[in-house]
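**Q** Heads up, the sequence shown is in our numbering, so the first residue is 70 and it goes up one at a time.
Virtual Cβ for every residue (Gly too), placed ideally from N, Cα, C.
It should be emphasised that the depicted structure is a prediction, and the values quoted were computed from it without experimental measurement.
This is the structure I have questions about; it appears just below.
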Amino acid sequence: MIVSFQNSSGLLWLPVYSINDRVHESSFYLFLAIFQMFIYCCTGYVIVKTCSIFLRIKIFHENINLLMAWFLCQWFEAILAKLAIMPYQTGLIQVGGDPSRAYFCWWTRERSEMLIVKDKNEIWSLYISSCFLWHYIYSAMFAPIIVGVERLCATYYIQDYENIRRRHIPILLILVANIITIPYAYFVINNQIPFLVAYAQCVLNASIVFFGYLISWKINVIWRNRMDAERIEDHSRYSLARKFQVGENIRYLLLARRLVIAVVIYLSISLIILAILVFGEVQGYDILFVYVLDNVILSAALVVSITWIFCSSSWKEAFLKGIPCLRRFRKRSVTRPRFTPNLSEVPEGEVYFIQLKNAWMIVTFQNSSETLWIPVYSLNDKIHKSSVYLVFAVFQIILYIFTGYVVIRACSIFLTVKIFHENKSILMVWFLIQWFEGIIAKMFILPYQTGVIIIGTDPNREYYGWWTENQNDMVLVQNFQKVIPLFLSSWVFWHYVYSMIFSLVALALERFCATYFIEDYENVRRRYIPYLLIVFTNLITIPYSYLIVNNMIPFWIAFAQCVVNGSFVFFGYLAFWRINVHLKNRIVRRRMHKKQEYSLTRKFQIEENIRSFKLAIKMVFAAVIYLSISLIILLCLIFELFQGYEHIFVHIFDNIVLAAALILSLTLLSCSSSWSESFIRGLPIIGRYRSPRVGHFNFPPETSISESDVYFKQLKHAWL
């Protein structure tokens with residue numbers, strides 16, 4: 070919530086979504102309040118028990134235990150701040166120039182949507198509590214980095230980290246964390262840090278943690294393998310302390326691996342709820358979802374605590390025995406006070422992380438060092454011999470036919486009903502049509518994947534995995550000629566995948582061109598812009614896919630490319646949004662420095678850019694749900710949570726990957742009433758029962774202009 074002051078230009082950014090929403094006047098609020106109190110009490114109990122177990126049963130070094138306990142205990146800072154904020158949020162304490170008005174917003178630049186107060190003294194307690202809540206949020210954000218630095222110190226002092234206490238390390242790290250987060254929270258609440266910078270900090274921290282943990286894992290596994298093989302040149306450096314520290318680092322990374330699953334599911338739920346609120350998809354139920362989101366945010370410590378507790382049998386046993394009701398029914402068992410290495414634990418951890426790295430099947434050749442990176446999760450899986458496969462194959466065929474129909478209809482509608490500039494429509498059509506490239510390639514890959522065509526020196530072996538450096542996990546074939554159809558189809562499929570990744574960049578560049586040529590973009594055709602962008606995209610994706618399929622680009626670089634493209638598109642669209650909204654406000658208020666700059670073309674192009682960004686927002690909402698489902702299924706496959714059902718879920722995941730065009734088409738069609746009406750009326754069966762309406766295509770002039778300025782034919786007729 071953005072707070073503005075009367076007679077002042079200062080702003081505050083409060084970490085709440087609603088103010089004065091009068092929820093306490095509802096009879097439903099009593100049940101909601103009881104549920105919240107129950108959740109908060111359970112969370113506090115779990116955190117206290119978890120911190121006690123961390124400090125008492127030392128699975129890891131005491132320094133990392135202290136850090137984990139410290140960051141978990143900061144939840145109490147947040148809950149105290151939240152208790153002070155809730156009276157303002159629920160309307161028990163009313164603030165603002167209009168106390169009867171309920172405010173719903175997370176961040177805005179529009180003064181009409183801001184909470185306006187006389188001065189800071191009116192909301193002093195709300196301001197202080199918001200400072201503490203922001204401090205908690207950024208402390209949780211920087212916590213993984215701080216813990217990662219402690220692991221770096223453990224690796225640096227690898228010879229004697231277990232013998233020398235070095236209590237100064239966690240204390241200094243806690244001080245550094247607060248030196249960063251306290252000023253950061255102050256600047257954020259005073260709205261002195263732009264929204265984009267605050268969001269970029271989250272992305273930056275997540276990237277540092279992700280790649281930092283991967284590098285740490287790689288280094289520690291290499292060290293352990295060298296020790297096991299006794300390949301260290303300087304034998305004096307090979308010590309029990311070094312081996313123990315490497316093992317502890319790997320165990321901690323295994324714990325981080327389990328946290329990834331929990332965090333992905335947790336963040337997916339949070340983002341879906343936030344997107345639903347932001348896009349107004351639950352009108353009439355805003356109050357309920359606002360408080361659900363609040364509880365989800367504050368339940369982060371609960372999720373992390375339970376995940377950590379269940380990462381160790383010693384921790385889990387101690388936790389379950391400490392629960393008042395359950396301990397009576399638990400059998401007496403001796404809890405190990407200290408960690409005793411199990412011979413199976415380290416190999417198991419390595420297997421899980423090798424699986425985490427695995428992404429796409431690796432094919433190698435006899436008498437050759439060359440490898441291929443095939444975009445499938447399974448080969449020779451013999452699913453075609455199952456009776457279920459017939460039903461599944463029929464479902465796949467129906468899904469592919471329906472997707473093809475929707476893609477063709479969507480492309481036809483985009484070109485005939487011109488809601489946006491024809492250059493943008495051409496680009497959208499081109500990238501949607503590439504789905505047929507992907508499905509044709511998939512048709513050639515499917516026989517190898519389902520075991521209809523057997524490859525490999527061992528025809529009875531089924532291969533599951535995505536990417537590996539271990540020769541034993543690769544598919545070994547005699548020569549390249551045996552897999553030429555698989556190679557070519559994989560190349561084409563990789564081209565489809567990376568075309569989808571770069572398509573958003575191309576669309577963003579087209580909007581940049583529209584803004585650059587803002588004076589005459591509608592009058593001058595400039596058909597070369599979409600053609601050049603299509604050629605430019607293929608000049609990147611064709612060589613890129615060739616290098617990928619020949620395994621010449623490391624897995625993490627390929628993954629980083631997705632992150633870079635996503636970040637470029639996200640921040641690019643936000644930058645264009647702010648520029649166009651600023652220009653629109655200047656036009657409306659007649660504050661242009663030069664009167665000749667104010668023109669109908671400029672106004673039209675700004676409006677079209679803003680509509681394009683709103684369409685992109687709806688695409689983000691669909692993409693969040695789509696990617697969440699995809700990532701959850703992928704993680705469950707990688708960590709073998711579907712044991713016995715891998716055949717089914719592997720092919721479900723394949724269909725989800727190819728369903729991107731279907732989701733994109735349906736989302737785009739739903740963004741315009743003209744598009745959706747044209748699509749529904751064209752359906753073979755449903756279209757017959759639609760009431761005959763002229764609707765969106767032949768409006769009277771005054772209705773057409775008031776609805777939007779989007780009909781390009783009308784716009785061109787307006788020029789004299």
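Ignore the nearest five residues each way along the sequence and tell me which others in VAL53's own chain have a CB closer than 7 Å to its CB.
**A** A query on residue 53 cannot be resolved here, the shown segment of the chain reaching from 70 to 789 and no further.
**Q** State the CB to CB distance for the pair THR119 and TRP144, rounded to an integer number of angstroms; the pair is presumed to be in contact (CB under 8 Å).
**A** Within the sequence shown, the letter at position 50 stands for residue 119. Within the sequence shown, the letter at position 75 stands for residue 144. That belief does not hold up - the Cβ atoms of THR119 and TRP144 are roughly 10 Å apart, past 8 Å.
**Q** So is PHE651 buried or exposed if we call it buried at 16+ other beta carbons inside 10 Å?
**A** For the purposes of this step, residue 651 is taken as the residue at position 582 of the sequence shown. The displayed chain sequence assigns His, not Phe, to residue 651. HIS651 is exposed by the Cβ-count criterion.
**Q** Report back the beta-carbon spacing between PRO84 and SER208 to the nearest angstrom; my notes put them in contact at under 8 Å.
**A** Taking the first residue of the sequence shown as position 1, residue 84 is located at position 15. Taking the first residue of the sequence shown as position 1, residue 208 is located at position 139. Between SER208 and PRO84 the Cβ distance is about 13 Å, and since that is not below 8 Å, they are no contact.
**Q** Assuming LEU727 and ILE508 form a contact by the criterion Cβ under 8 Å, report the distance between their Cβ atoms to the nearest whole angstrom.
**A** Within the sequence shown, residue 727 is the residue found at index 658, counting from 1. Within the sequence shown, residue 508 is the residue found at index 439, counting from 1. About 6 Å separates the two Cβ atoms, so the contact holds.
**Q** Report the three-state DSSP secondary structure of THR519 (helix, strand or coil).
**A** To locate residue 519, count along the sequence shown from 1; it is residue 450. Reduced to three states, the DSSP call for THR519 is helix.
**Q** Less than 8 Å between the beta carbons of VAL719 and SER368, yes or no?
**A** Position 650 of the sequence shown holds residue 719. Position 299 of the sequence shown holds residue 368. Not a contact, by the Cβ cut-off of 8 Å.
**Q** Using the Cα positions of PRO753 and GLU182, report the straight-line distance between them to the nearest angstrom.
**A** Here residue 753 corresponds to residue number 684 of the sequence shown, with the count starting at 1. Here residue 182 corresponds to residue number 113 of the sequence shown, with the count starting at 1. Between PRO753 and GLU182, the C-alpha separation is close to 45 Å.
**Q** Would you mind reading off the limits of the beta strand (DSSP E) that contains SER73?
**A** By 1-based counting over the sequence shown, the position of residue 73 is 4. Segment 71-74, the beta strand (DSSP E) holding SER73.
**Q** Nearest-angstrom Cα distance between SER382 and ILE108?
**A** Along the sequence shown, one-based indexing puts residue 382 at 313. Along the sequence shown, one-based indexing puts residue 108 at 39. Their backbone Cα atoms lie some 25 Å apart in a straight line.
**Q** Taking all protein chains shown into account, decide if THR519 is buried (16 or more other Cβ within 10 angstroms of its Cβ) or exposed.
**A** Along the sequence shown, one-based indexing puts residue 519 at 450. Buried: at least 16 other Cβ atoms inside 10 Å.
**Q** Would you kindly check if the distance between the Cβ of PRO239 and the Cβ of ASN132 is under 8 Å?
**A** The residue you call residue 132 lines up with position 63 of the sequence shown. The residue you call residue 239 lines up with position 170 of the sequence shown. Their beta carbons are under 8 Å apart, which means ASN132 touches PRO239 by this criterion.
**Q** What are the boundary residues of the alpha helix (DSSP H) that THR736 is part of?
**A** For the purposes of this step, residue 736 is taken as the residue at position 667 of the sequence shown. 729-739 is the span of the alpha helix (DSSP H), which, as asked, contains THR736.
**Q** One question on the structure: do ILE258 and TRP193 come within less than 8 Å of each other, judged by their Cβ atoms?
**A** In the sequence shown, residue 258 corresponds to position 189, counting from 1. In the sequence shown, residue 193 corresponds to position 124, counting from 1. No.
**Q** What does DSSP give as the partner residues of VAL186 in its beta bridges?
**A** Looking up residue 186 in the sequence shown gives position 117. Beta-bridge pairing links VAL186 to PHE74.
**Q** Run through the segment 475-518 for me and flag every whole beta strand (DSSP E) of 3 or more residues, listed as ranges in chain order.
**A** Segments of the beta strand (DSSP E) lying fully in the segment 475-518: there are none.
**Q** Check for me: the beta strand (DSSP E) holding VAL544 runs from which residue to which?
**A** Walking along the sequence shown from the start, residue 544 turns up at place 475. Where VAL544 is concerned, the enclosing beta strand (DSSP E) stretches over 544-546.
**Q** Answer yes or no: do ALA370 and ILE116 have a C-beta to C-beta separation smaller than 8 Å?
**A** Here residue 370 is taken as the residue at index 301 of the sequence shown, counted from 1. Here residue 116 is taken as the residue at index 47 of the sequence shown, counted from 1. Going by C-beta atoms, ALA370 is nearer than 8 Å to ILE116.
**Q** Have a look at LEU601 and VAL618 and give me their C-alpha separation to the nearest angstrom.
**A** Numbered from its first residue, the sequence shown carries residue 601 at position 532. Numbered from its first residue, the sequence shown carries residue 618 at position 549. The straight-line gap from Cα to Cα measures roughly 26 Å.
**Q** Taking three-plus beta-carbon pairs below 8 Å as touching, is the segment 462-474 in contact with the segment 563-575?
**A** The segment 462-474 vs the segment 563-575: no contact.
**Q** Given TYR157, which residues of its chain have a CB within under 7 Å of its CB, disregarding the five upstream and five downstream residues?
**A** Here the question's residue 157 lines up with position 88 in the sequence shown. Cβ within range, chain order: ILE88, VAL164, LEU195.
**Q** What does the alpha-carbon distance come out to for the pair PHE605 and VAL186?
**A** Position 536 of the sequence shown, counted from the start, is the residue given in the question as residue 605. Position 117 of the sequence shown, counted from the start, is the residue given in the question as residue 186. PHE605 and VAL186: Cα-Cα distance of roughly 52 Å.
**Q** For VAL373, is the classification buried or exposed, using 16 other Cβ atoms within 10 angstroms of its Cβ as the cut-off for buried?
**A** Your numbering for residue 373 matches position 304 in the sequence shown. So VAL373 counts as buried.
**Q** Please work out which residues of its chain come closer than 8 Å, Cβ to Cβ, to VAL278, disregarding the five sequence neighbours upstream and downstream, and give them in chain order.
**A** Your numbering for residue 278 matches position 209 in the sequence shown. So the qualifying residues of the chain are PRO213, ILE214, GLY217.
**Q** Could you say if the segment 473-484 and the segment 734-741 meet the contact criterion of at least three C-beta pairs nearer than 8 Å?
**A** At 8 Å Cβ cutoff, the stretches touch.
**Q** As an exercise, report each continuous alpha helix (DSSP H) stretch of at least 4 residues that is fully enclosed by the segment 186-242, in chain order.
**A** List check, alpha helix (DSSP H) in window: 193-225.
**Q** How many angstroms separate the CA atom of ILE443 from the CA atom of PHE556?
**A** Against the sequence shown, residue 443 aligns to sequence position 374. Against the sequence shown, residue 556 aligns to sequence position 487. Cα to Cα, ILE443 sits roughly 8 Å from PHE556.
**Q** Can you give the beta carbon distance from TYR205 to MET70, rounded, assuming they're within the 8 Å contact cut?
**A** By one-based count along the sequence shown, residue 205 stands at place 136. By one-based count along the sequence shown, residue 70 stands at place 1. Actually they are not in contact, since the Cβ atoms of TYR205 and MET70 sit about 17 Å apart, beyond 8 Å.
**Q** So the beta strand (DSSP E) LEU81 belongs to, where does it begin and stop?
**A** Position 12 of the sequence shown, counting from 1, holds the residue named residue 81. It spans 80-82 - the beta strand (DSSP E) in which LEU81 sits, taken as one unbroken run.
**Q** With a 10 Å radius around its C-beta and 16 neighbouring C-beta atoms as the bar for buried, classify GLY79 as buried or exposed.
**A** Taking the sequence shown and counting its residues from 1, the one referred to as residue 79 is at position 10. GLY79 should be labelled exposed.
**Q** Under 8 Å, do LEU484 and VAL498 count as touching if we go by C-beta distance?
**A** Your numbering for residue 484 matches position 415 in the sequence shown. Your numbering for residue 498 matches position 429 in the sequence shown. Cβ atoms of LEU484 and VAL498: closer than 8 Å.
**Q** Let's see if you can read the secondary structure: which residues bound the beta strand (DSSP E) around THR584?
**A** Numbered from 1 along the sequence shown, position 515 holds the residue referred to as residue 584. No beta strand (DSSP E) holds THR584; the alpha helix (DSSP H) holding it covers 553-585.
**Q** Name the residue from GLN630, LEU362, HIS237 whose alpha carbon lies nearest to the alpha carbon of GLN105.
**A** Residue mapping note: residue 105 aligns to position 36 of the sequence shown, counting from 1. Of the candidates GLN630, LEU362, HIS237, the one whose C-alpha sits nearest the C-alpha of GLN105 is LEU362.
**Q** Under three-state DSSP, which class holds VAL726?
**A** If you number the sequence shown from 1, residue 726 lands on position 657. Helix at VAL726.
**Q** If LYS385 sits next to ILE392, beta carbons under 8 Å apart, how far is it from one beta carbon to the other, in whole angstroms?
**A** By one-based count along the sequence shown, residue 385 stands at place 316. By one-based count along the sequence shown, residue 392 stands at place 323. Incorrect: roughly 11 Å between the Cβ atoms, too far for contact.
**Q** Relative to the C-alpha of PHE211, which candidate in THR250, SER169, THR177 has its C-alpha closest?
**A** The count along the sequence shown starts at 1 and reaches residue 211 at position 142. Answer by Cα proximity: THR250.
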